[in-house]
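Okay, so the sequence shown: first residue is 434 according to this note's numbering, each after it adds one. Quick reminder that beta carbons are idealized off the backbone N, C-alpha and C, glycines included.
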Amino acid sequence: MCYLDIPASKTFKAFVKPVAVVVKERIDAWLQERPVNQAPLVDERTGERVSYLFQFRGKRMGAGVINRTIIPMLCAKAGVPLGKL
């Protein structure tokens, strides 16, 4: 078991979520694969500079893009049917 720090947003406070070790492994793998020239962005709530897990060309990717494109693509690559989510 590992813990994922979820930052505060407009609607909720920061919290910690327990996740399986495989989730941490996959996030670490993505952090090694994603483009290295992703500059940190300013968090709208805290004003801190942060590196979001999914950002592209200096902007955060929206939930719609993540849910409709990235998650289905990653599930297909991993052989996980979308109906199991």
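task: Could you check what DSSP says for PRO514 in three-state terms: helix, strand or coil?
output: coil
* Does the count of Cβ pairs from the stretch 438-446 and the stretch 487-494 closer than 8 Å reach three? -> no
Figure out for me which residue from VAL454, ARG459, TRP463 has the closest Cα to the Cα of TYR436.
VAL454
Thinking VAL449 and ASP461 are a contact (beta carbons under 8 Å), I'd like their distance in whole angstroms, please.
-> So it is not a contact: roughly 17 Å between Cβ atoms.
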